[in-house]
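Q: Residues in the sequence shown are numbered consecutively from 1284, following this note's numbering. Okay, here's the structure, questions in a sec.
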Amino acid sequence: MRSIPCLGLLLASLAFALDVDSLPVWDSSILAKNGLENASGATSLVATKDAPEASDSSHAEIETHGYKTMQVTVGDGGTQVDQELRLSIQGRLTDSVYIDALLSDVDRKAGDQTTATLQDVDQIYFRVESPYAMLHLGDLTWTDNSMGLTSFSRSTLGAMATLRYHGSEVSGAWGTDEVTRYSRSFSGVQGQREGYHLDEAGGFISVVPNSEKVWLNGVELVRNRDYEVNYAGGLLDFKNGIIPGTDDDVRVEYDAYLNDDIYTMYAARGSLRLENVFFDVAGFHLENDVDRMRKSSLDSTAYEQLKNDRGGELKDSLDQDLHRPKMSERLGARLRLQAEHRFYADVELGLNRMDSNTVSKNVGGPSGRAFRWFVTTDSTQNMNAFPVALLVHGNYVQEGFAISEFSGTERDWDAYALRNEWDLDSALLKGDLRYDELALRIRLGKDWFGTAKWGYRRGDDERWNSSRSQFSLVHRNLNAASEFTAAYVSSSQEVDQKRYQGSFSSEFLRGFFRPFGSGDVRYSVRDSLGYKTERGYAKTAVGATLNEDLWNVKESVGTLTVRKHDISGRSRDEDWRDSVSSVTWTQSAEANFRNFNLSHLLQYSHAVTDSLGASDSWVGDLTTNFGDDDMGVQGSVTYSFGMTSEQTYTAIYKAVAKGTGDVRYDSLTGTFIEGVDNGDFVYEGMGRNDSVGAVLSSNATFEASLEWNPGVSLGITQGLLRDITLSASFHSEAEDTTGKKIYFPPIMTSSLRNVTAGTVSWEASLAWDHPSGASAMYSPSASYEKKMSSIGYYQDMFDHKLMAGFKINEDHYVGVENVLETVRLTALQKLDWNIWEITGKYIWKLPAGFSLEPRVRYREGSGEDDLKTSFGAHLWEEELRVGYERDGVVDGHISFASIQMDRHDGTIPYQMMSGFGDGVTYRLETMVSVEVNNFLSLSLRYILRFGDAEENVFQKLASEAKAFF
């Protein structure tokens, strides 16, 4: 194994263990609180009797949390066993020694994610920490941002240790994993805020949680505040009013799980902290573990190909690109000095070595060094000690250092900064890189500052270079901040270019009315072998914020104009032409009152381009909630629309042993039916429909709900209005991938057929609940759904529910429910049917926690298919249920039902008759759940179905044991 000799072992406190959200995280305040409760003078009789008079801090205080579950389901087709273990141990061993341990065993390893909601994975670690040392074993994430030229972060399985003493720390880590680092840069899409693919091809990837970094126009964004990532799929959604446009640059770096690409990592970091001296050293070695890969994915033929590799194309037996095992190695040292709290120097050295094929002796990789320096006579912002400060900054990077890999905190060679500030294309930078900068800062007066800066970038052979001169004037105080800048850039790469630039920004920071504005104007002349072009660029934004303690409103208008003009010799061949011209209006609002809150964002953009002509785009969302129970009125409204490349999400069902699941596929309608006795699948969650492909689509969603109790809101204490509650809800969503833009989802069902996919549903109810015990409710509802599928799925469903009941006394209740349902389904074939069902039940609560519940049900259905072939059936069910409940400790029941289903004609859809076949079915179900104590619960469920309607006797036994720690 090849490695760079480390300058020292290193600080590891920046490395931390992965955690499971459902488990508690160590908080020393819990023990502090417990210590106060157990101190002398506490009123607890038990604590006074058993505890010492004064709390003994030397006693270990360990908290254990978690649970163990074991689920066993036995059906006709086999046995399904599922188990989970989650155990967290945290606490204090002594005054200064703490432990943190986690064991998560859920039969799901990291990277095996198929649903949109990230699920817990197998994970284990043990960590013990004191003021002078730390030891971590198991799953961990090593993160090192101590260098300006290099940063390194990796999730792995291994060990990590730290030693600390009087301002110095050393730390080292070792680990192994199946993780690969990726990066991608792309421009924003006007009107799209969500659904940006991290994978360049738009495919499904499993991203390592919290491994990503996102930059917008060179500025690093904050996770969960500015953006969110769907790790199970690899999709990026922007938040906090951020909507990238076509002029914005987005860069993402992330780790993704890649099976059989096995790596071994060694990393170290050390630091020394004195009053005026900061010294850091850091390094890592990352290499494919060829020995382990040969045991799993690398066969002998491929290995021989790799050994004989001379840098050409390599293909495996399936004509796929053969992965070359790689090695990367970095080492850095950084020294920071300061004096009198203003003199400051920062120098850094970095070493890099890579190997693109560690198996072959004929193929190597780049290696090189990098230097960085920063010296200033005053590092403070206000320069109170002396009104003039000098700054010298620069770096030298050899080509073999590979500056774009493992970029550090000082991103001097960032692709966006090179293009935006220096007119350089990072893809065309060849050879060693040099950068020098000299700046003079002057405090002109109270709150006024000026800066003169000159910088120069070049390659070693001077085949490319760029110089930048800049003058800026800044005014800032507690109330406002303003900056004015003038710059001149002269660059030579594939073309010679000169740029003249002026920019300004101003913003009021306090007060109710806070106006702001910014502008950036550029004029460039490009010369390519005597062919000259002029380019004008202007970008402005102006707006204001109205700000109060409980609410704020922000309005802004931005413009972007890019114009070009060709120059041939001394004559001007044509007039200026607009290559891009756009206007963007953005509005946002926030409100948080006692009974009302609102969050609102709306953006409109009008753009004109020479190639595409005029285009408009909208994006926005609105969320509001109002009212509460005390007012008698409450409701909510949610509305959002915009563009996205995110695929449609569909339910994911996992196949299990036959008869052990609760989901069944109906081949007649082409749908999955949930909640059945003898299913072959279980529901896993919502996942991406990758068969559709990554297509830019227009989406819109609207949802509203309202509930009104007239008695409470109007203060009525007698009469009908006192006892009624009215409620209604509406939901609509739509997606279109044909180029049509949706600004509001369909309200009418006829419009639903004009979009690619969507749903319209509504429900209303009128409930009456009289103090005498009488109650009634009427609830009509409708659901219309169009799915993006190859079978052209479309379903209309409308039903009426009428329920009535009477609570005779605390032990007796009688109720009846009537349902009318109409279904229109287009899937594998067209099916229409109507259902009428009436159910009656009686509940009798017996002494000692027992209850008796007889129930009868009649269900009748009829319909026809697209060939006008009729089908119909009716069902009669009688059920007797005996229940038992004891103080929340035991909850169980046993029920026996007789179901007579008579088919009139045709083939019956599964859901039409609740899954029962023609003839008589006898169904026995028993279930018992026992809370043994606060730490242990057991449950058992048994189902037996037999009769001439069943093919054979069906049995299903499901048991679960759950222990809490």
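Where is the CB? At the ideal position from N, CA and C, for every residue including glycine. Nothing here was measured: the structure is a model prediction, and the numbers come from that model.
Below 8 Å on the Cβ atoms is my guess for Gly1742 versus Gly1714; work out the distance and round it to an integer in Å.
A: Reading the sequence shown from its first residue, position 459 is the one you call residue 1742. Reading the sequence shown from its first residue, position 431 is the one you call residue 1714. Confirmed, about 4 Å.
Q: DSSP on Leu1292, reduced to helix/strand/coil?
A: Against the sequence shown, residue 1292 aligns to sequence position 9. Below a pLDDT of 50, predicted positions are generally treated as unreliable, and Leu1292, at 31, falls in that range; the measurement from the model is reported next regardless. Leu1292: coil per DSSP, three-state reduction.
Q: Return the CA-CA distance between Ala1934 and Ala2040, expressed in angstroms with no decimal places.
A: Within the sequence shown, residue 1934 is the residue found at index 651, counting from 1. Within the sequence shown, residue 2040 is the residue found at index 757, counting from 1. So the two alpha carbons sit approximately 15 Å from each other.
Q: Return the residue from the list Phe2133, Ala1763, Gly1819 that minimises the CA-CA distance to Phe1796.
A: Along the sequence shown, read from residue 1 onward, the residue named residue 1796 stands at position 513. The residue with the shortest Cα to Cα distance from Phe1796 is Ala1763.
Q: Check for me: the beta strand (DSSP E) holding Thr1659 runs from which residue to which?
A: Mapped onto the sequence shown, residue 1659 falls at position 376. Taken as a continuous stretch (DSSP letters only), the beta strand (DSSP E) holding Thr1659 covers 1650-1659.
Q: Just how far apart, CA to CA, sit Trp1696 and Arg1740?
A: By one-based count along the sequence shown, residue 1696 stands at place 413. By one-based count along the sequence shown, residue 1740 stands at place 457. Their Cα atoms are separated by approximately 10 Å.
Q: Cβ atoms of Val1863 and Thr1892: under 8 Å apart, would you say?
A: One-based indexing of the sequence shown puts residue 1892 at position 609. One-based indexing of the sequence shown puts residue 1863 at position 580. Yes, they are a contact pair.
Q: Rounded to whole angstroms, how far is the Cβ of Gly2146 from the Cβ of Leu2114, which I believe are closer than 8 Å?
A: For the purposes of this step, residue 2146 is identified with residue 863 of the sequence shown, where counting begins at 1. For the purposes of this step, residue 2114 is identified with residue 831 of the sequence shown, where counting begins at 1. Correct: roughly 6 Å between the Cβ atoms.
Q: What number of angstroms, rounded off, separates the C-alpha of Lys1496 from the C-alpha of Glu2214?
A: If you number the sequence shown from 1, residue 1496 lands on position 213. If you number the sequence shown from 1, residue 2214 lands on position 931. Their Cα atoms are separated by approximately 46 Å.
Q: Quick check on His1568: buried or exposed, where buried means 16 or more other Cβ atoms within 10 Å of its Cβ?
A: Within the sequence shown, residue 1568 is the residue found at index 285, counting from 1. It counts as buried.
Q: Mapping DSSP to helix, strand and coil, what is Ala2156?
A: If you number the sequence shown from 1, residue 2156 lands on position 873. Ala2156: strand per DSSP, three-state reduction.
Q: Mark Pro1608 as exposed unless 16 or more other C-beta atoms lie within 10 angstroms of its C-beta, in which case mark it buried.
A: Numbered from 1 along the sequence shown, position 325 holds the residue referred to as residue 1608. Buried.
Q: If you compare alpha carbons, which of Glu2104, Leu1711, Ile1725 is closest to Ser1662?
A: Position 379 of the sequence shown, counted from the start, is the residue given in the question as residue 1662. The residue from Glu2104, Leu1711, Ile1725 with its alpha-carbon nearest to that of Ser1662 is Ile1725.
Q: Here's the rule I'm using: 16 or more other beta-carbon atoms within 10 Å means buried, otherwise exposed. How should His1624 be labelled?
A: The residue you call residue 1624 lines up with position 341 of the sequence shown. Counting Cβ neighbours within 10 Å, His1624 comes out exposed, since fewer than 16 surround it.
Q: Grouping DSSP H, G and I as helix and E and B as strand, with all else coil, what is Glu2136?
A: Locating residue 2136 in the sequence shown gives position 853, where the first residue counts as 1. DSSP places Glu2136 in strand when its eight states are reduced to three.
Q: In whole angstroms, what separates the C-alpha of Asn1321 from that of His1348?
A: The residue you call residue 1321 lines up with position 38 of the sequence shown. The residue you call residue 1348 lines up with position 65 of the sequence shown. Residue confidence is low: Asn1321 scores 35 on pLDDT, short of 50, so the model does not pin down where it sits. No coordinate-derived value is stated.
Q: Is the number of C-beta pairs between the stretch 2045-2065 and the stretch 2020-2028 that are closer than 8 Å three or more?
A: no
Q: Just the Cα atoms here: how many angstroms apart are Val2165 and Gly2056?
A: One-based indexing of the sequence shown puts residue 2165 at position 882. One-based indexing of the sequence shown puts residue 2056 at position 773. Each residue's Cα considered, the two are about 23 Å apart.
Q: What is the rounded straight-line gap between the Cα of Thr1459 and the Cα of Val1642?
A: Taking the sequence shown and counting its residues from 1, one reaches residue 1459 at position 176. Taking the sequence shown and counting its residues from 1, one reaches residue 1642 at position 359. Each residue's alpha carbon lies about 19 Å from the other.
Q: For Met1576, which three-state DSSP category applies?
A: Within the sequence shown, numbered from 1, the residue matching residue 1576 stands at position 293. Correct three-state label for Met1576: helix.
Q: Can you grab the Cα-Cα spacing for the pair Asp1706 / Thr2109, in whole Å?
A: The residue labelled residue 1706 in the question sits at position 423 within the sequence shown. The residue labelled residue 2109 in the question sits at position 826 within the sequence shown. Rounded to whole angstroms, Asp1706 to Thr2109 spans 57 Å at the Cα level.
Q: Are there 16 or more other CB atoms within 10 angstroms of the CB of Leu1711, so buried, or fewer, so exposed?
A: By 1-based counting over the sequence shown, the position of residue 1711 is 428. Exposed, since its Cβ has fewer than 16 Cβ neighbours within 10 Å.
Q: Determine the DSSP secondary structure at Leu2150, reduced to helix, strand or coil.
A: Here residue 2150 refers to the residue found at position 867 when the sequence shown is read from its first residue. The answer is coil: DSSP assigns Leu2150 none of H, G, I, E or B.
Q: For the alpha helix (DSSP H) containing Gln1664, name the first residue and the last one.
A: As a first step, residue 1664 must be located in the sequence shown, where it is residue number 381. Counting along the chain, Gln1664 falls outside any alpha helix (DSSP H), and DSSP gives it neither H nor E.
Q: Out of curiosity, what's the CA-to-CA distance linking Tyr2225 and Gly1962?
A: Residue 2225 sits at position 942 when you count from the first residue of the sequence shown. Residue 1962 sits at position 679 when you count from the first residue of the sequence shown. Straight-line spacing of the CA atoms in Tyr2225 and Gly1962 works out to 15 Å.
Q: Rounded to whole angstroms, how far is the Cβ of Gly1683 from the Cβ of Leu1614, which I believe are closer than 8 Å?
A: Numbered from its first residue, the sequence shown carries residue 1683 at position 400. Numbered from its first residue, the sequence shown carries residue 1614 at position 331. About 14 Å separates the two Cβ atoms, so there is no contact after all.
Q: Nearest to Tyr2061 by alpha carbon, out of Glu2100, Arg1805, Asn1992, Arg1636?
A: As a position in the sequence shown, residue 2061 is number 778, starting the count at 1. Per the Cα distances, Glu2100.
Q: Count the other CB atoms, across all protein chains shown, that sit within 10 Å of the CB of Asp1427; report buried if there are 16 or more and exposed otherwise.
A: On the sequence shown, position 144 is the one that residue 1427 refers to. Classification of Asp1427: buried, given that the 10 Å Cβ count is 16 or more.
Q: On the DSSP bridge assignment, give the partners of Arg2036 in chain order.
A: Taking the sequence shown and counting its residues from 1, the one referred to as residue 2036 is at position 753. According to DSSP, which records beta bridges pairwise, Arg2036 is partnered with nothing at all.
Q: Based on Cα-Cα distance, which residue from Leu2163, Ala2059, Thr2032 lies nearest to Leu2003?
A: As a working note, residue 2003 is residue 720 in the sequence shown. Of the candidates Leu2163, Ala2059, Thr2032, the one whose C-alpha sits nearest the C-alpha of Leu2003 is Ala2059.
Q: Could you work out which residue in Glu2136, Asp1810, Gly1450, Gly1910 is closest to Leu1557 when comparing CA atoms only?
A: Along the sequence shown, read from residue 1 onward, the residue named residue 1557 stands at position 274. Residue Gly1450 is the option with its Cα nearest to Leu1557.
Q: Three-state secondary structure (DSSP) at Gln1473?
A: Locating residue 1473 in the sequence shown gives position 190, where the first residue counts as 1. The answer is coil: DSSP assigns Gln1473 none of H, G, I, E or B.
Q: From Ile1526, Tyr1510, Glu2243, pick the residue whose C-alpha is nearest to that of Thr1869; which is it?
A: Reading the sequence shown from its first residue, position 586 is the one you call residue 1869. Comparing Cα-Cα distances from Thr1869 to each of Ile1526, Tyr1510, Glu2243, the minimum goes to Ile1526.
Q: Of the residues Asp1911, Phe1435, Val1533, which one's Cα is nearest the Cα of Val1502?
A: Position 219 of the sequence shown, counted from the start, is the residue given in the question as residue 1502. Val1502 has its Cα closest to that of Val1533, out of Asp1911, Phe1435, Val1533.
Q: By DSSP, does Asn1507 sit in helix, in strand, or in coil?
A: Residue mapping note: residue 1507 aligns to position 224 of the sequence shown, counting from 1. Reduced to three states, the DSSP call for Asn1507 is coil.
Q: For the structure I just gave you, are there three or more beta carbon pairs, one from the stretch 1473-1481 and one from the stretch 1669-1678, closer than 8 Å?
A: Contact fails: fewer than three Cβ-Cβ distances are below 8 Å.
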